[in-house]
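Visitor: Going by my numbering, the sequence shown opens with residue 1, and the numbers climb by one from there. Quick one: the structure is below, questions incoming.
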Amino acid sequence: MEDVWIMDSGCSRHMTGHRKWFSSLNPVSTKEYITFGDNGQGKVMGVGSVSLSAKLSLREVAFVRNLGFNLVSVSQLLDEGFEVFRVDLTSVSGPRAFGC
Numbered sequence: 001m002e003d004v005w006i007m008d009s010g011c012s013r014h015m016t017g018h019r020k021w022f023s024s025l026n027p028v029s030t031k032e033y034i035t036f037g038d039n040g041q042g043k044v045m046g047v048g049s050v051s052l053s054a055k056l057s058l059r060e061v062a063f064v065r066n067l068g069f070n071l072v073s074v075s076q077l078l079d080e081g082f083e084v085f086r087v088d089l090t091s092v093s094g095p096r097a098f099g100c
C-alpha cells in the first residue's frame with residue numbers, strides 16, 4: 001500500500017506515513033495529532049508537498065508517524081478548487097488538466 005493513494009471523503013486533510021513522497025517537508029512546531037475513525041491517533045511529524053505526477057501536486061500533506069497508507073482528502077481537494085466526481089472509479093479534475 002506504500003505506492004497507493006486512496007481518495008477518502010471522510011478525512012479532513014491529505015496524509016501519508018511515508019517520508020519518500022515529500023518534495024518538501026517542514027516539521028510542525030506544535031503537538032498535532034490526527035484522530036482516525038476508530039478513535040486512534042497519529043502524531044503529525046511535519047507538513048509539506050507531495051508530487052503524485054508531473055501534473056498533480058498535493059499541498060499541506062500531513063506526515064503522520066506510523067500511518068500505513070496514503071490518503072487524499074476529498075474535502076481538501078474541493079477547498080483547493082478541484083472537482084471530484086465518481087463514475088466507476090474515483091476521478092479528479094480541476095483547474096489544471098491531469099490524469100490520476
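Ideal Cβ positions, reconstructed from N, Cα and C, are used throughout, including at glycine.
V47 and Y33 look like a contact to me (Cβ under 8 Å); what is the Cβ gap, rounded to whole Å?
Guide: With a Cβ gap of about 13 Å, V47 and Y33 do not count as contacting.
Visitor: So what does DSSP say about L67, is it helix, strand or coil?
Guide: DSSP places L67 in coil when its eight states are reduced to three.
Visitor: Using a 10 Å radius around the Cβ and a threshold of 16 neighbouring Cβ atoms, would you call N70 buried or exposed?
Guide: N70 comes out buried.
Visitor: Evaluate G81 with the Cβ neighbour count: other Cβ atoms within 10 Å of its Cβ, from every protein chain shown; 16 or more gives buried, anything less gives exposed.
Guide: Looking at its Cβ environment, which holds fewer than 16 other Cβ atoms inside 10 Å, G81 is exposed.
Visitor: What does N26 pair with, by DSSP beta-bridge criteria?
Guide: Bridge partners of N26: V47.
Visitor: Excluding the five sequence neighbours on either side, which residues of its own chain have a C-beta within less than 7 Å of the C-beta of T35, listed in chain order?
Guide: For T35, where only same-chain residues beyond five positions count, the Cβ hits under 7 Å are Q41.
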